[in-house]
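Undergrad: Quick note, my numbering runs 56 ahead of the 1-based positions in the sequence shown.
Got a structure here, written out as structure tokens. Questions coming.
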Amino acid sequence: MANGKRLCLNMIVKNEMANLQRCLGAVVDHIDCCVIGDTGSTDGTQDFIKSFFAARNLPGELHEFPFHNFEQARNDRCSAEGIA
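Shown next as structure tokens:
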């Protein structure tokens with residue numbers, strides 16, 4: 057980024073194919089990496105995320121885990137290895 061700051065996109069998603077192109081397209085020029093947690097998508101969300109970032113050579117991680125509640129999902133993503 058021009059200002060030297062680094063920004064990592066962190067999202068929790070499930071079946072978001074209808075929104076992902078617009079959402080990721082809006083932020084892709086402003087981020088350096090992504091960490092996305094998927095809570096059980098069945099609509100192709102995971103494949104879209106992988107291909108979107110691979111096509112742009114943008115590093116990131118996609119973690120898949122079952123959804124129990126939003127608190128658990130947020131805490132799991134915030135405590136993932138490598139996130140400070």
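Glycine is no exception: its CB is placed at the ideal position from the N, C-alpha and C atoms.
Taking 9 Å as the threshold (C-beta atoms), are C89 and L118 in contact?
TA: The residue given as residue 118 occupies position 62 in the sequence shown. The residue given as residue 89 occupies position 33 in the sequence shown. No, they are not a contact pair.
Undergrad: For C64 and Q128, what's the separation of their Cα atoms in angstroms?
TA: Stepping through the sequence shown from its first residue, residue 64 is reached at position 8. Stepping through the sequence shown from its first residue, residue 128 is reached at position 72. Using only the alpha carbons, I get a separation of about 20 Å.
Undergrad: If we require 3 or more residues per run, which beta strand (DSSP E) segments fall completely within the segment 84–116?
TA: Entirely contained in the segment 84–116, the beta strand (DSSP E) runs reaching 3 residues are, in chain order, 89–94.
Undergrad: Would you mind reading off the limits of the beta strand (DSSP E) that contains N66?
TA: Taking the first residue of the sequence shown as 1, we reach residue 66 at position 10. Run containing N66: C64 to V69, per the beta strand (DSSP E) assignment.
Undergrad: Consult DSSP for E120 and reduce its assignment to one of helix, strand or coil.
TA: Translated into the one-based positions of the sequence shown, residue 120 becomes position 64. Strand.
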